[in-house]
Amino acid sequence: MVKLRFLKVLRERFNISRLAIKYSRVTIGFWIAMVVAGLLAFSSLKYALFPDITFPVVVVNAQVPLETAVETEQKLTQPIEERLLPLAGLDQMVSSTYPGRTVVTLYFHVGTDLNSSSREVEKTLWQIALPEGATFQVIPFNLNESSAVSYTIKSDTKDLKELAEIAKTSILPEIAQLPGVLKVNLLGGGETTFTALNSGSELTKQAPEIIKEEQQRDSPESPIPITPTRIRFNGQEALAFQVIKGGDANTLDVVSRVEEAVQRLQGSLPGVELVLAVTQANYIREATQSTIDGLLLAIVLAVLVIFTFLRNWRATLITALAIPISLLGTAIVMAIYGFNLETITLLALALVIGIIIDDAIVEVENISRHLEAGESPRQAALSATNEIGLTVSASTLTIVAVFLPVGLMGGNLGQFFKPFGLTVSAAVLTSLLVARTLCPVLAVYWLKPRQGKREKGIGNREQGTGNRGKLSTVVFDFCLRSNLKYPDLLRWSLGHRKFVVGLAVLSFVAGISLIPLIPQGFIPTLDRGEFMITYRAPLPQIPSASQFGDLINNILNLGGFDTNSEKSKPLSNSDTNSDTNSDTNSDLREQLKPQLSKPKLSKSGFNGLFPIQSGMQLLLKQSEQVAKQLEEAVLAFPEVESVYTVVGVQGEPNKGNLQVKLKRNRQYTTAQLQEKMRAALPKISGVTTSVEDIQFIELPTQKPVQVALLGDDLEVLGNTAADLKTRIETLPGLVDVEATGQNNRGNRITEIEHVNGQRGVYVRASLNQGQRLGDATEEVVKVAKMVLPDGVRLELWGDSALSSHVLGSFAGTLTLSVTCMLLVLILPFGRLLEPMVVGLSLPLSIVGAMLALLITQSDFGMISLIGLIFLLGLLDKNALLLMDYVNQLRRAGLSRTEAILETGVVRLRPIIMTTASTILGMLPLALGFGAGAELRQPMAVAIIGGLLTSTLLSLIVVPVLYTLLEDCWLGLLSGIALRASQKSEVRSQK
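Numbering of the sequence shown is given in my numbering, commencing with residue 11 and proceeding in unit increments.
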């Protein structure tokens, strides 16, 4: 009695609908105010591709007057690393050591304050006893301060020098003044990079300064050398300006302002053409618009589902209003937390359409059922909300319990999905308030009582089907037939409980067994319609300072790269202008005469390999010849729209990037064209090329598959990496394989790499069309174990490491989500039986989700795992709807079997409605249309597959588990009572 009284009080406490109906004007006024606030909040949200996450990186550039890399490692690198490794918040630390110089890069956890980390690093370095003459500089980097857009500067009447002068005086200062712009770089022409810098922390209030990077970067404190560059666009030499946005600036806002400024400038610059070369904005706009289109289509389909089931436009309108109001309420929360309308939050909103309408469906359907039973609208609303209120509230709170752990996940992954978890939680809580307050009030005023009585769980067939449309009639007939047959299926299942449980176990085992057959991935590769071709030409090596003069003369006489290989040969004469080379060499000899007499290593040399700044002009020109040959091969493809080439990237004149943009209307996908271009690129002696996807966060050497080999012997590490590289190149699906540490042979040590304080080398590879990251990583690890010698160990790196950790991270989150959900369920039911039934029924979705992923060949990775967590919140709704009504009917006097059979009749329609609305809401995302579909599709596919099987199985498994566990519990209690009574009898006999 105490328990029943407690549940009655709890049900009345959760029935806030009674208050909403009593004070209906206040309720309506509140939601009108919420809509207005939501519209204002929504208008303030910015569009983006991914959440705003700060990637804090601190670079330490230290120099010391030492001649060898090994000595520099011992006296400079190791003391620095030993003191920096224990720093709080440090995620990874890598370093590269050259003769007399070391660069240590510290990657801190996402969300770590960059300025405080930088100060802590500098404070620690001052406490280290460094060798005499050593200097260092600490440079904080925010990887969000990235290139937002680049324009080429062209003219048919002006040469590059004239264009450069126009850019410095008229273009760069104008662009740099724009809000959100950090700086603007002028690239090309073989000149040292020229920058318009927006000084001051408040970018919109400070006047830009024009500075030369040559003066800034050639200082002893300079961390990264900025060499001259050459720009080519569609096979023609040009200049370009590159706009770097601030770390907190929105990419689309910055690009829009730049586009407006370019239009203004274009009219004031006769004879000069500013052509868009590279931007992320177009893809961001397309991807967000595609997600919004899917969201709108999901809303339309969900509303159509409701109408075909309810066959009442007023009830449909009341239910449909829950969607926009809930979304606007969610926008308020998003604005408070500073979230953007980006792929993750838009995906969350699209996925919750089925959930936020579920509560309204259950409420309105229950009110309609009471109306059909002959009650007045007000009485129907009060009775229905009191009957269903606790169940709706409990099921929604369990969804919050599932997704809050996702929003509170730690590490880099947690920061990425924080907006997802909090957005879903806010949406379902808002929808609960709408369903419990606004929907009953509108039902009282809008819904009309029907004539006649409702037949057992379903309306009379004659009630208005004549003008409801064929689709509505077909759905109505389906529900009627289902209601007639479902009780028979339930009765049979209750009589064959072992068979039903065995079927459930078999489905779970089948789902688990399908996982190895599904492609293992991390984050799906996005088909942006553009990609990057990188190349690296060989460099002249400098054995010693005494041989420096002979080496320079040798380079100038050859007019090409010396690869120290018998098979290597300079570029063909057809690709190199000999007259120009001769003039250049002659000029360089005059420039180098004073330096050849006193050779010294330049602090701005690239990797310490070529020390004379003046010689970079020659290397740039030779590197440009490589770019020309690659451009010719790429532009031969009719699917290519443009090629933007930068010669001399990352401070190295022998490196270059070709950013290839493809036409919209093309026959092949980006991945297919990448494969074709890999085969078509010319094989230039000594030149390595790589076809790579464009990273949204620019990181050096960021190939998908990366492993680090760690050990002490540099020669062994280099040989092992070379052996592993050779073997990986034979594996299907792995291309553009490269290995570091190949130049360290014998006593000639030019570079020593460290990984978290230990010597190491890297082996990296790109993925071929159709290959998945998880599968490729497994193959590489398997091959590596065959070649690793004693003293060398393997460590996953980059995306390979992230993909291996993702399952572990989500396993912990999944466990926490299930635990929180079951704890929430104890409150409304007051016992463990119902939560245990819910917990045991959750695996029913596995087989459907895995089968759907296998059929569609979608990745089983981070995105599909989010879909599985999403399923947890959906599945408990069906179980709660069934068990709560069974308990109500049993308290009303029905037997357990009668209560279960009656519940099946009453609750079948809302379960089918909510499942159908959710599945159709997912359908636009699952079909994979529009930009960014690769990111949305795996999640929607997993949800649809899981919902289909779990709904079908739960309709019979949940009642069976309910009776089975209750019988076991009663049997256990009776056994305990029997043993207690026996002990009591024994004591009394004594």
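Ideal Cβ placement from N, Cα and C applies to all residues, glycine included.
Item: In chain order, each alpha helix (DSSP H) run of at least 4 residues that lies wholly inside the segment 749-812; Value: 783-797
Item: Coil, strand or helix - residue 719 by DSSP; Value: strand
Item: heavy atom of the ligand COA below 7 Å from residue 69 C-beta; Value: As far as ligands go, the structure on display features none, and thus does not contain the ligand COA.
Item: Strand pairing of residue 125, partner residues [DSSP]; Value: Answer is none; residue 125 lacks a bridge partner.
Item: Proximity winner among 399, 73, 934, 900, relative to residue 950 (alpha-carbon distances); Value: 934
Item: Cβ-based neighbour list, residue 464, same chain, cut-off 6 Å, excluding 5 preceding and 5 following; Value: The predicted position of residue 464 is uncertain, since its pLDDT is 45 and thus under 50; a value taken from the coordinates is nonetheless stated next. Within the same chain, residue 464 has close Cβ partners 382, 383.
Item: Nonlocal neighbours in the same chain, by C-beta distance under 6 Å from residue 764, ignoring five residues either side; Value: 105
Item: Residues near residue 535 in its chain [Cβ-Cβ closer than 7 Å; skip 5 each side]; Value: 703, 944
Item: Uninterrupted alpha helix (DSSP H) stretches inside the segment 263-311 (no shorter than 4 residues); Value: none
Item: Exposure of residue 298, with buried meaning 16 or more beta-carbon neighbours within 10 Å; Value: buried
Item: Sub-8 Å separation of residue 775 and residue 836 beta-carbons; Value: no
Item: 3-residue-minimum beta strand (DSSP E) runs that sit fully inside the segment 49-98, ordered along the chain; Value: 66-73
Item: Cut-off 6 Å between Cβ atoms - residues of its own chain near residue 351, not counting five sequence neighbours on either side; Value: 55, 57
Item: Local Cβ density within 10 Å of residue 655, reported as buried at 16 or more and exposed below that; Value: buried
Item: In DSSP terms, what residue 654 is bridged to; Value: 243, 669
Item: Residue 455, buried or exposed, once every other Cβ within 10 Å from all chains shown has been counted against 16; Value: exposed
Item: Sub-8 Å separation of residue 696 and residue 547 beta-carbons; Value: yes
Item: Exposure of residue 369, with buried meaning 16 or more beta-carbon neighbours within 10 Å; Value: buried
Item: Cβ shell of residue 824 (< 7 Å), same chain only, five flanking positions each side left out; Value: 879
Item: Top-ranked residue by Cα proximity to residue 967, from 503, 958, 389, 332; Value: 503
Item: C-beta atoms of residue 74 and residue 121 nearer than 8 Å; Value: no
Item: C-alpha distance - residue 636 paired with residue 137, whole-angstrom precision; Value: 47 Å
Item: Which listed residue (632, 496, 434, 665) has its alpha carbon closest to that of residue 545; Value: 665
Item: Residue 642 in three-state terms, based on DSSP; Value: helix
Item: Helix, strand or coil at residue 154 according to DSSP, with G and I counted as helix; Value: coil
Item: Nonlocal neighbours in the same chain, by C-beta distance under 7 Å from residue 52, ignoring five residues either side; Value: 338, 341
Item: N-terminal and C-terminal residue of the beta strand (DSSP E) that residue 104 is part of; Value: 100-108
Item: Beta carbon of residue 185 nearer than 8 Å to that of residue 243; Value: no
Item: Secondary structure of residue 827, DSSP reduced to three states; Value: helix
Item: Residue 542 - partner residues in DSSP beta bridges; Value: 669, 702
Item: Stretch-stretch touch, CB-based, cutoff 8 Å, three pairs: the segment 713-732 with the segment 747-766; Value: yes
Item: Coil, strand or helix - residue 694 by DSSP; Value: coil
Item: Three CB pairs or more closer than 8 Å across the segment 860-875 and the segment 412-420; Value: no
Item: Counterpart residues of residue 255 in DSSP-defined beta bridges; Value: 191
Item: When 429, 176, 290 are compared against residue 357, the one with the closest alpha-carbon; Value: 429
Item: Counterpart residues of residue 882 in DSSP-defined beta bridges; Value: For residue 882, which the question treats as bridged, DSSP gives no partner whatsoever.
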